[in-house]
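Counting from 10, one number per residue, gives the positions in the sequence shown under the working numbering.
Glycine included, each C-beta is placed from N, C-alpha and C at the ideal position.
Take a look at the structure below.
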Amino acid sequence: MQLTRLNRGVQPALAAATASLLANCGAHAEDEAENAFVDSGLLFYQESDRVRAIEPNLNFNYDFGGGELLSLGFVADSVTGATPLGAVAAPVKQTFIRPISVKSNSSTQTVTSASGGATVVTIPPPPGSPAATIVAASTTVGANRLPLDQGFNDTRYAGTLGWVEPITPDLKLSLGGAYSSEQDYRSLSGNLGLAQDFNAHNTTVSLGVNYENDRSSPIGGTPTPFASMSGSWKNGNRSKDEVNALVGLTQVMSRRWLTSFNYSYAWSNGYQTDPYKLVSVVDGTTGLPGDYLYENRPDKRRKQSVFWENRIHLPSDVVDVSMRYYWDDWSLRSFTIEGRYRFVFDGYYAEPLVRWYRQEAASFFRYYLVQSQALPQYASADTRLGNFDATTAGVKFGLQLDKSSELNLRVAYYLQQGDNHPAGAVGQLKNQNLFPDLDAVSVVVGYSFAF
Numbered sequence: 010m011q012l013t014r015l016n017r018g019v020q021p022a023l024a025a026a027t028a029s030l031l032a033n034c035g036a037h038a039e040d041e042a043e044n045a046f047v048d049s050g051l052l053f054y055q056e057s058d059r060v061r062a063i064e065p066n067l068n069f070n071y072d073f074g075g076g077e078l079l080s081l082g083f084v085a086d087s088v089t090g091a092t093p094l095g096a097v098a099a100p101v102k103q104t105f106i107r108p109i110s111v112k113s114n115s116s117t118q119t120v121t122s123a124s125g126g127a128t129v130v131t132i133p134p135p136p137g138s139p140a141a142t143i144v145a146a147s148t149t150v151g152a153n154r155l156p157l158d159q160g161f162n163d164t165r166y167a168g169t170l171g172w173v174e175p176i177t178p179d180l181k182l183s184l185g186g187a188y189s190s191e192q193d194y195r196s197l198s199g200n201l202g203l204a205q206d207f208n209a210h211n212t213t214v215s216l217g218v219n220y221e222n223d224r225s226s227p228i229g230g231t232p233t234p235f236a237s238m239s240g241s242w243k244n245g246n247r248s249k250d251e252v253n254a255l256v257g258l259t260q261v262m263s264r265r266w267l268t269s270f271n272y273s274y275a276w277s278n279g280y281q282t283d284p285y286k287l288v289s290v291v292d293g294t295t296g297l298p299g300d301y302l303y304e305n306r307p308d309k310r311r312k313q314s315v316f317w318e319n320r321i322h323l324p325s326d327v328v329d330v331s332m333r334y335y336w337d338d339w340s341l342r343s344f345t346i347e348g349r350y351r352f353v354f355d356g357y358y359a360e361p362l363v364r365w366y367r368q369e370a371a372s373f374f375r376y377y378l379v380q381s382q383a384l385p386q387y388a389s390a391d392t393r394l395g396n397f398d399a400t401t402a403g404v405k406f407g408l409q410l411d412k413s414s415e416l417n418l419r420v421a422y423y424l425q426q427g428d429n430h431p432a433g434a435v436g437q438l439k440n441q442n443l444f445p446d447l448d449a450v451s452v453v454v455g456y457s458f459a460f
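Written as structure tokens, this is what we have:
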């Protein structure tokens, strides 16, 4: 998985709210235990020669009895390293510039270096402008090298709050909210859910809705779509609104088999472009880049998905198989299938995981643009919107410390592969790897306990 800020809140918040509802309904009923439960984890994530991240998280649940449940969550992550700019490689050196900070015109602050080996330059505002001075990093990429933003650095803090309230013995109501903040992005959301038990608590129907407001405030301002790359001041902040609805069915099929089906629909309106991504404009004969433009994505998007999961408890082990299909009006399609098998031993368990993912590109995905051709309405060279396959393989080990606490370790390897030599490439681009493989390793250490 490419660690990214593109999915900052709506899906996790609604999924968490739905999970809280189901955990408190008959279809998932378990023997009562301690009232309070704490689940903590620490993620280490590393892509080859690219992004690395450290992410601690803490979740707290308290059961007041009678079905009332309070949940609190906190996560912080620090992401550093290198991330693709979107531009293509070339047999010549290429120079890119990006804003890294803003300082007041009256400030005596000096900046002497930038991460990633970049050269720092200061770009004053136009004469008479009240705008502050931009501190930018100028990076030169070697010949035949993928252009990367070597100084990528970000920190995010996020929190969630949820409450489950029984309305009747068979009907639960959930309310929740989430807040996430980082240097150039803020997300605020609220969710509402209902879960109704039927059939002697063997069937649960759940409904959920989430509203999210995001504000994008790129360093140096929001670039004009298809404007040439520059380090100068750009436009003001932009925002996006998204509404997500989910309908779910959970059914106890037998003493050992539980199945669930979810349908999700989301509609978003507002700024959905990555303000830091570029698209190369190349010569139609040689394939050499002549300009770098900021990408442009549609302001509206409709997303839908269906998800089916089956959990089977064998005499001693547990099997979990799930499938998900996603589609949207950007023409992006994806299919995911995942399997887990938990080997349960005396006091510990081992759970191998295999996940396969295939994605069809968004309609406006372009490896590059050609100088002699008219600009399209939308274009992005972000490979996260392209065609690719991805495979994840991993294993989780859990150790029961006592009847109410567990220590676990999860290790996973991820490999993403796209079409690195697409048909129709022009000039020197025929010899370039336009979609390099991406591999990553993640390690999660977790500790949970009840009291």
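Cβ-based burial, residue i [other Cβ within 10 Å; buried from 16]
i    : result
Y54  : buried
N244 : exposed
V288 : buried
T282 : buried
D40  : Bear in mind that a pLDDT of 45 at D40, under 50, signals an unreliable position, so the number given afterwards is only what the model happens to contain. Label assigned to D40: exposed.
V363 : exposed
G75  : exposed
L378 : buried
G395 : buried
Q386 : exposed
N253 : buried
P136 : exposed
Q368 : buried
P324 : exposed
G151 : exposed
N70  : buried
L267 : buried
N- and C-terminal bounds of the beta strand (DSSP E) containing residue i
i    : result
R224 : T212 to S225
P298 : P298 to Y303
K5   : This structure cannot speak to residue 5, because the chain is shown only from 10 to 460.
F207 : Y194 to F207
T89  : E77 to P93
K286 : That residue, K286, is in no beta strand (DSSP E); it is neither H nor E in DSSP.
K112 : Q103 to K112
D448 : L447 to A459
R59  : Here R59 belongs to no beta strand (DSSP E), and DSSP marks it neither H nor E.
A359 : Y357 to E369
L341 : Note, L341: premise wrong, no beta strand (DSSP E); not H, not E.
W317 : K309 to H322
G168 : L157 to T177
Integer-rounded CB distance, given that residue j should sit under 8 angstroms from residue i
i    : j    : result
N222 : L197 : 5 angstroms
R107 : A145 : 6 angstroms
G296 : G436 : 3 angstroms
D193 : I228 : 6 angstroms
D337 : K312 : 4 angstroms
T259 : S269 : 4 angstroms
R154 : A96  : Going by Cβ atoms, the distance from R154 to A96 rounds to 11 angstroms, so no, they are not a contact pair.
N200 : V218 : 7 angstroms
N246 : S226 : 4 angstroms
G257 : Q380 : The Cβ separation is near 50 angstroms, so there is no contact.
F46  : L67  : 12 angstroms between Cβ atoms; not a contact.
Beta-carbon spacing of residue i, residue j below 8 angstroms
i    : j    : result
T149 : K102 : yes
R419 : K405 : yes
N305 : A388 : yes
P100 : A85  : no
M238 : Y303 : yes
R333 : F352 : no
T169 : E191 : no
Selection from the options that minimises the alpha carbon distance to residue i
i    : options                   : result
D308 : K249, A275 and A359       : K249
R264 : G74, R320, D163 and E56   : R320
V129 : E174, G160 and F316       : G160
E415 : I132, G433, S237 and G455 : G455
S57  : D446, V452, D337 and V252 : D446
F373 : D355, S340, W365 and R349 : S340
Y422 : V111, V328 and P361       : P361
V111 : S241, N278 and F207       : S241
A434 : V290, Q426, F46 and S331  : V290
F235 : G427, A91 and A390        : A390
S215 : S183, A359, Y188 and V327 : S183
S457 : N208, D428 and D411       : D411
Chain D within 8 angstroms of residue i, Cβ atoms only
i    : result
G240 : This model lacks chain D altogether, as it is built from one protein chain only.
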